[in-house]
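First residue of the sequence shown: 20, per my numbering; consecutive thereafter. For every residue, glycine included, the Cβ atom is placed at its ideal position computed from N, Cα and C. What follows is a single structure, written as structure tokens, with notes after it.
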Amino acid sequence: MIFPGRNSFGRRFRQNRAALWAGRCLIGIVIIVMCAPMLVSDQPDAINLDHIFGSPTLAHVFGTDELGRDVLSRLLYGGQISLFIGIMATTVALIIGTCVGMTAGYFEGIIDILFMRTVDMLMAIPAFFLLLLAVVIFGNQLSMVCLILGMTSWPPVARLVRASFISFRNREFVLALRAMGVSDYSIMVRHILPNVLDTIFIAAAVGAGQAILAESALSFLGLGIQPPTPTWGNMLQNAQLYIFEAPYLAVIPGSMIFITVYSLHLISEGLRDAMDVKLTQ
């Protein structure tokens with residue numbers, strides 16, 4: 020490892036109050052969402068036509084929707100789907116982007132040119148257009164949405180990882196490892212990759228927020244996860260029909276999307292600031 024100040028990095032991040040509170044908020048959201056079966060008794064798709072647009076009560080903390088379904092239950096179970104999509108899509112993007120970026124950044128010549136021209140071509144096309152096209156062609160099942168989101172969001176990760184690998188490939192410790200006969204794979208994975216994990220973590224925080232927003236946008240357009248399976252996005256899409264009659268149906272899931280994405284943004288900013296401080300030491 021080139022940078023010994025991992026403890027300093029953590030200390031610098033903890034000194035960023037906004038990022039620290041955002042991290043706590045995000046952890047709280049994840050815990051509450053994952054504990055949905057223990058917090059709510061109603062199933063998210065349980066219809067009760069006798070309680071349409073019900074006001075908040077002890078039994079229905081956030082009220083009910085146009086079909087008498089418990090809004091809190093749908094919010095929590097929908098959060099499980101939205102967060103799962105964000106995590107899985109980001110994982111796919113990180114795997115592909117890291118593999119492409121580290122290969123292009125470590126090797127010079129035709130490999131670098133071929134990979135990066137492909138990345139440039141993909142980044143020249145609006146990502147959301149590719150996303151819409153892929154969903155229309157391949158479908159909007161949960162696994163497919165995760166895969167498509169990841170497949171359309173890896174190019175920025177590849178560029179970041181490539182830039183980091185370029186800065187390391189001619190360092191003295193890399194040249195020494197080559198002289199010792201260490202394989203290129205071992206140098207990339209065991210010796211350079213650990214030094215760029217901070218960059219990858221930043222890309223993960225940004226990518227997760229973008230994936231949640233993208234899924235919400237797809238669902239809002241009716242192309243994402245389809246009802247009755249709830250997500251924050253399709254809850255918003257459904258709420259637009261009743262925006263004046265029951266505005267809380269839009270405010271509640273919209274607020275959860277905003278809080279989650281903004282928390283991820285603050286975390287990524289905190290990681291970036293901590294990393295910049297560490298790199299200048």
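Host alpha helix (DSSP H) of residue i (start-end)
| i | result |
| --- | --- |
| residue 64 | Segment: none, residue 64 is in no alpha helix (DSSP H) and carries neither H nor E. |
| residue 34 | Careful: residue 34 lies outside any alpha helix (DSSP H) and carries neither H nor E. |
| residue 140 | 129-143 |
| residue 250 | First-last for residue 250: undefined, no H or E at that position. |
| residue 162 | 161-170 |
| residue 220 | 216-239 |
| residue 212 | Where residue 212 is concerned, there is no enclosing alpha helix (DSSP H), given that its DSSP letter is neither H nor E. |
| residue 174 | 174-187 |
| residue 54 | Premise fails: residue 54 is in no alpha helix (DSSP H) and is neither H nor E. |
| residue 99 | 90-125 |
| residue 193 | 191-198 |
| residue 152 | 146-157 |
Contacting residues, own chain, Cβ-Cβ under 8 angstroms from residue i (five flanking each side not counted)
| i | result |
| --- | --- |
| residue 68 | 86, 87 |
| residue 83 | 67, 70, 71, 72, 73, 89, 90 |
| residue 264 | 72 |
Same chain only: Cβ atoms within 6 angstroms of residue i, ignoring 5 sequence neighbours per side
| i | result |
| --- | --- |
| residue 291 | 221 |
| residue 119 | 134, 177 |
| residue 296 | Model confidence at residue 296 stands at a pLDDT of 40, short of 50, so the residue's coordinates are unreliable; what they give is reported in the following sentence. The residues are 31. |
| residue 46 | none |
| residue 258 | 268, 269 |
| residue 21 | Interpretation of residue 21 is limited by its pLDDT of 46, a score under 50 that renders its predicted location unreliable; no figure is taken from the coordinates. |
Inter-residue CB distance, residue i and residue j (contact presumed, cutoff 8 angstroms)
| i | j | result |
| --- | --- | --- |
| residue 113 | residue 219 | 6 angstroms |
| residue 168 | residue 150 | 7 angstroms |
| residue 254 | residue 272 | 4 angstroms |
| residue 249 | residue 93 | 4 angstroms |
| residue 98 | residue 52 | 4 angstroms |
| residue 210 | residue 196 | 6 angstroms |
| residue 128 | residue 185 | In fact, because the Cβ distance is near 13 angstroms, the residues do not count as touching under 8 angstroms. |
| residue 294 | residue 217 | 5 angstroms |
| residue 101 | residue 288 | Going by Cβ atoms, the distance from residue 101 to residue 288 rounds to 22 angstroms, so no, they are not a contact pair. |
Contacting residues, own chain, Cβ-Cβ under 7 angstroms from residue i (five flanking each side not counted)
| i | result |
| --- | --- |
| residue 23 | For residue 23, the predicted model reports a pLDDT of 43, less than 50, meaning its position is unreliable; a value from the coordinates is still stated below. Cβ neighbours of residue 23 beyond the five flanking positions: none. |
| residue 106 | 227 |
| residue 256 | 238, 239, 241 |
Option nearest residue i by Cα separation, candidates the options
| i | options | result |
| --- | --- | --- |
| residue 122 | 158, 163, 182, 74 | 182 |
| residue 155 | 244, 288, 29 | 244 |
| residue 281 | 236, 269, 268, 224 | 224 |
| residue 172 | 159, 142, 160 | 142 |
| residue 152 | 188, 170, 187 | 170 |
| residue 78 | 65, 144, 190, 60 | 60 |
| residue 148 | 236, 116, 57 | 236 |
| residue 146 | 175, 160, 136, 62 | 175 |
| residue 56 | 81, 190, 96 | 96 |
| residue 231 | 247, 279, 189, 161 | 279 |
| residue 247 | 75, 64, 262, 166 | 64 |
In chain order, what are the residue ranges of uninterrupted alpha helix (DSSP H) at least 4 long that sit wholly in the region 253-281? The region 253-281 contains no whole alpha helix (DSSP H) run of 4 or more residues.
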